[in-house]
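Chains as they are written, first to last, in my numbering: chain A, -6 to 309; chain B, 29 to 313.
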Amino acid sequence: MRQFEVEKKTTRDAFGAAVYELAKEDPAILGIGADTTSNLGMKQMAADMPDRVINMGIAEQNMMAVAAGLAASGYRVFGGSFAPFVAMRALEQFRTFIAYPHLNVVMAGGMGGLSAANEGVTHQCPEDISIMRSISGNVVVYPADTASTKAVVRALGKHEGPAYVRLGKFAFRKVFDEDYKFEIGKANLLQDGKDVTLIACGAVIYRALQAADMLTEEGISARVLDMSCIKPLDEDAVIKAASETGCIVTVEDSTILGALGGAVAEVLAEKMPAPMCRVGIRDTFTESGDLDGLMDKYGIGVKDIVEAAKCVIRRK
Amino acid sequence: MEKELKRLKKMAVQVRRDIIEATSHGAGGGIHVAPALSAADAVTALYFKIMNVDPEDPYKNDRDRFILSKGHAYAVLYSALAEKGYFPREELLTMRAINSRLQGHPSYKKAPGVDMTSGSLGNGPAVGLGIAMAMKKQGIKHRKVYVMTGDGECQEGLIWETAMAAPRFGADNLVVIVDHNHYQSCGALDDIMPLYPLDEKWKAFGWHVMEMNGHDMADIVSKLSIAKEFSGKPVLIISHTVKGKGISFMEHNNAWHNGRCSEEQYQIAMKELDGQEQAIEEGRM
């Protein structure tokens, strides 16, 4: 089974660093946070370009609406806070004043999914992807590691319209290298297979790859798709996977209600019905703990993915 | 100046006529008429005296902005924009109806001249602060962002986040006008959630606070002119108004928060407005 090293930096660090690189090239780029610019990796940018990073204090709704005003005046704004405060507390400001006027604002949710880990349920946000993908015209991305985060930020720097990026609190496993390719609305085929397809996003992609290795040992050939871009979803890749491998397992550290699993299920139900299983957090609040331990306890262990794969294969 | 005031007063009457026309004959159903009428004089002064805007080039970056944060008073904004020449007056009868550019609450760029989406209460000053900060960054001087909120709207928490933030960012190009008409949807503001002392609260947050009679055009022009030139602090103007102002049966009557005129009410309202125009013409008003 492949092993993946924990990175030295977080995707939050990578986000801020990538925004800083973009800001050097594009004078229209601003950073904004709600006492979170340092948490989003913008400390260096704020030090070197003090007029390009705005800290609105602990006031997420104001931060979000101010970002809308800046974008309505021609700026391209990259900002954020912790996921529950972006995707919940300031959701209406994001929806009505950023997404509805289709402004160029990328909001990051640090501590997305389970990644707030030992901070507990107040700061975890397994709901962010479900919530943010329901907003019309919004792009929703959950990069797996620092290299992919950098590629995602670069792509969003050229994108017209709103986007939400889920970031982690602690360092994730390194899955990709610097030549990672990211295109909005496109999945990446990580390995081909014929018996089942595992579709994963973000911090759990490495677990999907490990599950594929365990399945190989049992003679099962698994395709693995990196679906870091949850919206717009690469429907063609989903349909192709269902058609060619006959069954699907989605993997994410999100609620199974309406996130990647929900998005894939919608495509399958309407366009290519196939047995599927959503690996993710069941309808429950979790608890404090280390990220790996939480994933294992709440149903996102490598063994859970393997079991789900065998289950959907049996249902073919 | 007298001639100028007469022109503005007559324009305010015309804006009220447009509002009543839409309230009576519009295709979109009921209109939030009384909150539009309380705001009519100040909005008229902004578009026809104070702001530098160009209907031929509605979104040029170098312009003053207006955000109607109390977006449920859309009828006053659409009427002022139509009179200013952004779109034909006849289009006012489509407001809130299907396929209209005049959405149920203002939508950014959908109708020409709408500077920002609004209507979800409490957000206008914050979005306005963002635009004001952008103006500063872009070196746009001598332009301001005018935001009009309702008084009940000041019950929203976000108002006070922005109240705290605007002085911190030196946003002396932000002018917030509170249309203080004493009513909100469910009744009298004082019964539901009093705000006083409203002036002291804003002053404590670091704003320059002024008050004006929101139905005295001379006072409105005077205070808005001061606000236009003011520097050093963001400006907050408490505009003392009457909900439903200008139409006798609507004044102080919260039943007209949202409504539709019968033909008889329409005739009465139009006759009153004609009378007001006559009085202005004769220097009696």
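Just so you know, even glycine gets a beta-carbon here, dropped at the ideal spot from N, CA and C.
Taking buried to mean at least 16 other C-beta atoms within 10 Å of its own C-beta, is Asn131 of chain A buried or exposed? buried
Could you round the C-beta distance between Pro195 of chain B and Trp230 of chain B to whole angstroms and report it? I think they count as a contact, below 8 angstroms. Rounded, the Cβ-Cβ distance is 10 angstroms, inconsistent with contact.
So which residues on chain B does Asp44 of chain A lean against when the C-beta distance must stay under 8 angstroms? Lys165
Run the CB neighbour count on Glu310 of chain B, radius 10 Å, all protein chains shown included, and call it buried at 16 or more, exposed below. exposed
So that I know if they touch, is there some Cβ in chain A lying closer than 8 angstroms to that of Ile159 of chain B? yes
For the beta strand (DSSP E) holding Ser247 of chain A, just list the boundary residues, first then last. Ile241 to Thr248
Given a cut-off of 8 angstroms on the beta-carbon distance, is the pair Ser135 of chain B and Thr122 of chain B in contact? no
Gln37 of chain A - containing alpha helix (DSSP H), residue span: Lys36 to Asp41
Closest residue to Leu36 of chain B among B:Thr72, B:Thr269, B:Phe258 and B:Ile265 (Cα-Cα distance): B:Thr72
Residues within the stretch 187 to 209 of chain B neighbouring chain A, beta-carbon criterion of under 7 angstroms: Glu189, Thr190 and Ala193
Are Ile298 of chain A and Val242 of chain A close, meaning C-beta to C-beta below 8 angstroms? yes
For chain B, find out if any of its Cβ atoms is closer than 8 angstroms to the Cβ of Met38 of chain A; answer yes or no. no
CB-CB under 7 angstroms to Ala267 of chain A, same chain, minus the five flanking residues each way: which ones, in chain order? Ala235, Gly239, Cys240, Ile241 and Leu261
Can you check whether the C-beta of Ala156 of chain A is within less than 8 angstroms of a C-beta belonging to chain B? no
On the CB-based measure, 16 or more other CB atoms within 10 Å of its CB, does Phe78 of chain A come out buried or exposed? buried
Let's test the definition: count the other Cβ atoms within 10 Å of the Cβ of Met29 of chain B and tell me whether it reaches 16, buried, or not, exposed. exposed
Could you say if the stretch 46 to 61 of chain A and the stretch 65 to 84 of chain B meet the contact criterion of at least three C-beta pairs nearer than 8 angstroms? no
DSSP state of Tyr157 of chain A mapped onto helix, strand, coil: strand
Taking the runs of the alpha helix (DSSP H) that are 4 residues or longer, which of them lie wholly in the stretch 161 to 244 of chain A? 198 to 210 and 228 to 238
Which residues in chain A sit within 8 angstroms of Val155 of chain B, going by Cβ to Cβ distance? Ala58, Val59, Ala61, Gly62, Ala65 and Phe90
Contact set between Met144 of chain B and chain A, taken where Cβ atoms lie within less than 9 angstroms: Ala61, Gly62, Ala65, Phe90 and Pro94
Taking the C-alpha atoms as reference points, what is the distance between Leu202 of chain B and Val263 of chain B? 6 angstroms
Cross-chain neighbours of Gly50 of chain A in chain B, by beta carbon under 9 angstroms: Glu189, Met192, Ala193 and Arg196
Would you mind sorting Cys214 of chain B into buried or exposed? The rule is 16 or more other CB atoms within 10 Å of its CB. exposed
Who does Arg69 of chain A pair with in a DSSP beta bridge? A:Ile22
Which of the residues in the stretch 65 to 80 of chain A, read from start to end, lie with their CB under 9 angstroms from any CB of chain B? Ala65, Ser66, Gly67, Tyr68 and Val70
Please tell me whether Gln(-4) of chain A has its Cβ less than 8 angstroms away from any Cβ of chain B. no
At what residue ranges does the stretch 38 to 115 of chain B contain a whole run of the beta strand (DSSP E), taking only runs of 3 or more? 93 to 96
Is it buried or exposed, Gln42 of chain B, if we count other Cβ atoms within 10 angstroms and call 16 or more buried? buried
Enumerate in chain order the residues of its own chain whose CB-to-CB distance from Ile384 of chain A is below 6 angstroms, with the five nearest sequence positions on each side excluded. A question about residue 384 of chain A goes unanswered here, because the residues of chain A that appear run from -6 up to 309.
Say whether chain B places a C-beta atom closer than 8 angstroms to the C-beta of Gln54 of chain A. yes
Within 8 angstroms, do at least three Cβ pairs link the stretch 82 to 93 of chain A to the stretch 58 to 68 of chain A? yes
I'd like to know whether the C-beta atoms of Val257 of chain A and Ile192 of chain A end up nearer to each other than 8 angstroms. yes
What are the partner residues of Arg308 of chain A, as DSSP defines its beta bridges? Answer is none; Arg308 of chain A lacks a bridge partner.
Are there 16 or more other CB atoms within 10 angstroms of the CB of Pro222 of chain B, so buried, or fewer, so exposed? exposed
Under 7 angstroms from the C-beta of Glu85 of chain A: neighbouring residues of chain B: Ser148
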